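First the structure, in the form of structure tokens, and then the observations on it.
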Amino acid sequence: MNVRAHMSMLFHLDKCIGCHTCSIACKNLWTDRKGAEYMWWNNVETRPGAGYPTQWEDQEHFHGGWVYDGNGDGKPGKLRLRLQSRAGGLAKLFFNPDLPSLEDYYEPFTFRYGDLFNAPEGDDQPTAIPISQVTGRPLDIESGPNWDDDLGGSPLYAASDPNRRNLSPEVQEALSEVERVVFNYLPRICNHCLNPACVAACPSGAIYKRVEDGIVLVNENKCRGWRMCVAACPYKKVFYNWSTGKSEKCILCFPRMETGQAPACAHSCVGRIRYMGVLLYDADRIEAAAAVPDDRLLDAYMDTILDPFDPEVIAGARANGIDDGWIAAAQKSPVYKFAKVWKIALPLHLEYRTMAMMFYIPPLSPVMSTLENALTRLDINTEVEDFELLERLDAARLPVQYLANLFSVGDEQVIRRILRKMYAVRLYMRRKTVEGVMDDATLALLAGAGCTPEEAEAIYQLTTLPHVNDRFVLPPYHREMAVETWKDPLAHKGEVGIGYIQPPKRGD
Amino acid sequence: MNWNTLFFVILPYVALFIAIIVTIYRGIYRPFSISSLSSQLLERRRLFWGSIPFHWGIIIILTGHLVALLVPRSIVLWNAHPLRLYLLELTGVGLGLWALIGLLVLSWRRMTVDRIRVISTPMDFVVLALLLISVVTGLITATYYRWGSYWFTGIFTPYIWGILTFRPDAAPLAPLPFTIKLHVFNFYLLTLAFAFSRLVHIITWPVGYLIRPWQIVIANRGLPVLNEEEASQ
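These protein sequences, in sequence, are chains A and B.
The first sequence maps to residues 565 to 1072 in this note's numbering.
The second sequence maps to residues 3 to 235 in this note's numbering.
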């Protein structure tokens, strides 16, 4: 056992209101720079939808992530990068056919606001025309980072969602009927994977995973702009700065976390959907867990995450130099509770086999309805709708298979179990707080969903009423100690501060 | 001192010295500035038709020069049969034309595509011009002064070894035609520009990728002081 710690974020999709505050916080803090305007280290997508960059999930097109060749025949297979072999990677340096172009994102734009003040007097109101942030010339805006915002059900955007591929024709059709249209939001940041494809694809070896918290970073001084990372990341969360010629990505706000603050996206979240916590994982199991057939992938993945209360794990953590403060944080981690204890959180697209370390709680959705004599009617018996819904998750507007494609390698049963549990907790708490009486039927329902009343209370507490310190359980980084081993801070007093060692200018 | 000595003895040493010193300085103190400066994100179609022919053409041709420098005898032996000589020379010219086409596409792209023009530095154009001169003079040499693979080993192999072993002798170059001299002179200008331009990305060709482990994990822990503290707890 090789115990390591990981900082993980959890997204409670049932609470996301799609306000994009996270994206703006991130943009203002990190990517409001020349060459980075088009980058959204954090973005929020409307699902079903095409996403950003457009159709990033279509790995037949973008060739991101890993491929496992042992599916089906029972023999142990091998894992390989979908993008390239080692020699193939070097041969494609001069032109990488799988690199998305700016059109796959969008051409960043601003408006010529100065015209509003400087336009000569005339009969018309002056307007601020859109200009490209690359060339500075006027452009017709054709797309943006959330161009299909709220366009669930649209024949253009929602229909091109790669996750709809294996839905039955009836379900596909229902998704685009006005009365049945549904969408949910999917906020995305870098998944800081355990088996990152970007690291594996980098010819310069500039990308690395930090041991202390698992954050995947690009060493800008070693990056040579070969841009294989951009193509290899199946989540398309490494970006190429066209001005400086370097790759950049989400840094999980490590400067904030090292000073005890949650990442800016999580901190600013209006719906308070984001949780941050430590997970302890077994680094020795990663390789084996990534190389199993699809149907065993989720279990193998969850097994790499260790129980922070297990004395053996604690001993292993200490042996690897993990601070007691971190172990304590791992024991209080909201991510650990949701993902491992209550088992209602899943990683995004595990089938890419990068072992993503950010977790999602799948969203509930309204009940399907049909039009009858110009009135909408719920597709469910209104008298016992609460209970019936549990048995008829197919009546929920978001197809279970669709969620399974996103979060559970296509396994519907996993999603059903989670949705049942979430509904059961909801019904239990409604009986308790709204009606004030608890009946056997509800308790049986809760037990049927694999949940105890105590657990339901705990899920309810952490979902709806968490204190900020419950949502963000940040461990002490003790960065001061790490720095002191290298440098005597007093010897450098007055020498450091805000500024550049070297301005981030494009090299000649 | 005559022009011949200035261009083919003094200039090479100055150029190589500056290239090596500045490249090392840049690598150590200005590593952020070293990048291939790819512009594929902004424009990909023309880059495909420019970058691939140019890079592969120039790499193979430079390798050919290097082979003639390292194992001149085998080149001469290879050329002993006329058919093999023609084959070698034709391949050289073909690759040169391939590189020229790529270079022309790249120049055209840099000058006409808005997105590429705004990220171009003056040095980018200098490099393009020097490369164009290099490829064109090389092609003229190969076409009009036959057979290059023959006389290269007689004139340039000893000359370059002389430079590299600090026993320079540029006298054999004096009677050469202007085009060939320009080709050599221009190479030294490229060497001069090397450390000050995007050309430095050549030495960062990441051959280590072939053998490194897939994953890179970097520890900030395991530091002596921290370990001692933990041991005392």
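Glycine included, every Cβ here is placed at the ideal spot set by N, Cα and C.
Computed from a predicted structure; not experimentally measured.
Identify whether residue 229 of chain B lies in helix, strand or coil by the three-state DSSP scheme. No answer about residue 229 of chain B holds up, because its pLDDT of 36 lies below 50 and its placement is not dependable.
Could you run through the region 46 to 75 of chain B and flag, in chain order, every residue whose CB is less than 7 Å away from some CB of chain A? Cβ contacts with chain A come from 46, 49, 50, 53, 54, 57.
Entirely within the region 120 to 188 of chain B and at least 4 residues each: give me those alpha helix (DSSP H) ranges in chain order. For the region 120 to 188 of chain B, whole alpha helix (DSSP H) runs of length 4 or above, ordered along the chain, are 124 to 146, 150 to 166.
Using beta-carbon positions only, say whether residue 206 of chain B and residue 70 of chain B come within less than 8 Å of one another. Judged by beta-carbon spacing, residue 70 of chain B lies beyond the 8 Å limit of residue 206 of chain B, meaning their Cβ atoms are not closer than that value.
Among A:627, A:1021, A:861, which has the Cα closest to the Cα of residue 663 of chain A? A:627
CB contact check: residue 893 of chain A to chain B, cutoff 8 Å: no
Would you kindly work out how many angstroms separate the C-alpha atoms of residue 966 of chain A and residue 577 of chain A, rounded to a whole number? Distance between the alpha carbons of residue 966 of chain A and residue 577 of chain A is about 14 Å.
By a C-beta neighbour count over all protein chains shown, 10 Å radius and 16 as the cutoff for buried, is residue 1070 of chain A buried or exposed? buried
Closer than 9 Å between beta carbons: that is the criterion. Which residues of the region 687 to 700 of chain A meet it against chain B? Sequence-ordered contacts of the region 687 to 700 of chain A with chain B read 696, 698, 699, 700 [C-beta pairs closer than 9 Å].
List the residues of chain A that residue 214 of chain B touches, going by C-beta distances under 7 Å, in chain order. 769
Verify the CB distance criterion: does residue 98 of chain B have a CB-CB separation below 8 Å to chain C? In the displayed structure, chain C is absent; the protein chains listed are A and B.
Chain-ordered neighbours of residue 221 of chain B on chain A, where CB pairs are closer than 9 Å: The answer, in chain order, is 774, 775, 776, 885.
Buried or exposed: where does residue 151 of chain B fall if 16 or more other Cβ atoms within 10 Å of its Cβ makes it buried? buried
On the DSSP letters alone, give me the boundaries of the alpha helix (DSSP H) that residue 985 of chain A sits inside. That run of the alpha helix (DSSP H) goes 976 to 994.
Hey, residue 111 of chain B and residue 122 of chain B: beta-carbon distance below 8 Å or not? no
Taking the continuous alpha helix (DSSP H) assigned at residue 650 of chain A, which residues delimit it? 650 to 655
Count the other CB atoms within 10 Å of the CB of residue 623 of chain A; is the residue buried (16 or more) or exposed (fewer)? By the neighbour-count rule (16 or more Cβ atoms within 10 Å), residue 623 of chain A is buried.
Just the chain B side, please: which residues come within less than 7 Å of residue 785 of chain A by C-beta, in chain order? 33, 34
Which whole runs of the alpha helix (DSSP H) in the region 797 to 867 of chain A are 4 residues long or more, in chain order? 818 to 821, 828 to 831, 850 to 854
Give me whichever residues DSSP pairs with residue 573 of chain A in a beta bridge. A:840
May I have the straight-line CA-CA distance separating residue 926 of chain A from residue 736 of chain A, to the nearest angstrom? 20 Å
Contact list for residue 788 of chain A against chain B, beta-carbon separation under 8 Å: 36, 37, 38, 203, 206, 208
When you compare each of A:836, A:879, A:835 to residue 846 of chain A by their alpha carbons, which one comes out closest? A:879
If contact is defined by three or more beta carbon pairs under 8 Å, each pair taking one atom from either stretch, is the region 756 to 767 of chain A in contact with the region 163 to 178 of chain B? no
What number of angstroms, rounded off, separates the C-alpha of residue 806 of chain A from the C-alpha of residue 585 of chain A? 26 Å
Candidates A:973, A:722, A:821: closest to residue 536 of chain A by CA position: Since the first residue of chain A shown is 565 and the last is 1072, residue 536 of chain A is not available in this structure.
Taking all protein chains shown into account, do 16 or more other C-beta atoms lie within 10 angstroms of the C-beta of residue 886 of chain A, making it buried, or fewer, making it exposed? With 16 or more Cβ atoms within 10 Å of its Cβ, residue 886 of chain A is classed as buried.
Buried or exposed: residue 573 of chain A, going by 16 or more other Cβ atoms within 10 Å of its Cβ? Burial call: buried.
Close beta carbons around residue 235 of chain B, own chain, < 8 Å, minus the five adjacent residues each side: In this predicted model, residue 235 of chain B has a pLDDT of only 32, less than 50, meaning its place in the structure is not dependable enough to derive any value.
Check whether the region 960 to 976 of chain A and the region 900 to 915 of chain A are in contact - that is, three or more C-beta pairs closer than 8 Å. yes
When you compare the CB positions of residue 877 of chain A and residue 843 of chain A, do they come within less than 8 Å of one another, or not? No.
Which residues bound the alpha helix (DSSP H) around residue 626 of chain A? 623 to 626
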